[in-house]
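**Student:** In terms of the working numbering, the sequence shown has 124 at position 124, counting the first letter as 1, and numbering is strictly consecutive.
Ideal Cβ positions, reconstructed from N, Cα and C, are used throughout, including at glycine.
Shown below is the structure under consideration.
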Amino acid sequence: MKKESKLLLLILTISIATVLIIPVSVNFMAQSKYSHQVITLHGIDIARGTYSGGQFIDKYRVSKRNGEMLNFWIKNTGNTDIKITIDKKGGAIFQPGEQGHISTSVGFFAKTYEFKAAPLHNGGNIRMEYGLSQR
């Protein structure tokens, strides 16, 4: 085989390999970047405020579209222990001056979730700052 033919065959082989390999790796990189953007764009603040009185109950209908987790954050600004739950599950107790949150995963279908804060002991009033979010 002549030298020119070998060189032409080598160039043709490299060209074909480049055409086959580069699109695959560019496509993979694009998918990876897109997935990351979708994850970071999720999340909404549902409600935020202060509350003073007997038990606090708020309900919101959400779907997985805005995130996989619901969060219920409070800061106990009163003088009574407060127990918080989401759909009567995952309770946590916060003493006066404490703050924190609980979370629950969001189901696939849209559903109404109940956020509840109540005095730990029957009767009494609570005072708190709160935030409900979906991430």
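Do you know offhand how far Phe72's Cα is from Leu132's?
**Tutor:** As a first step, residue 72 is located in the sequence shown; it is residue number 72 there, counting from the start. As a first step, residue 132 is located in the sequence shown; it is residue number 132 there, counting from the start. Between Phe72 and Leu132, the C-alpha separation is close to 5 Å.
**Student:** Is there contact here, the region 101-111 with the region 121-130, by at least three beta-carbon pairs under 8 Å?
**Tutor:** Taking 8 Å as the limit for Cβ pairs, the verdict is that the region 121-130 does not touch the region 101-111.
**Student:** What residue range does the beta strand (DSSP E) around Glu114 cover?
**Tutor:** Within the sequence shown, the letter at position 114 stands for residue 114. Looking at the DSSP string, the run of the beta strand (DSSP E) that includes Glu114 is 111-119.
**Student:** By the DSSP assignment, the beta strand (DSSP E) with Val62 in it spans what residues?
**Tutor:** Locating residue 62 in the sequence shown gives position 62, where the first residue counts as 1. Residues 56-62.
**Student:** I'd like to know whether the C-beta atoms of Asn66 and Phe94 end up nearer to each other than 8 Å.
**Tutor:** Along the sequence shown, one-based indexing puts residue 66 at 66. Along the sequence shown, one-based indexing puts residue 94 at 94. No, they are not a contact pair.
**Student:** Taking the alpha-carbon of Thr112 as reference, which of Ile46, Val62, Ser52, Ile57 has the nearest alpha-carbon?
**Tutor:** Working through the sequence shown from its first residue, we reach residue 112 at position 112. Here the closest residue by C-alpha is Val62.
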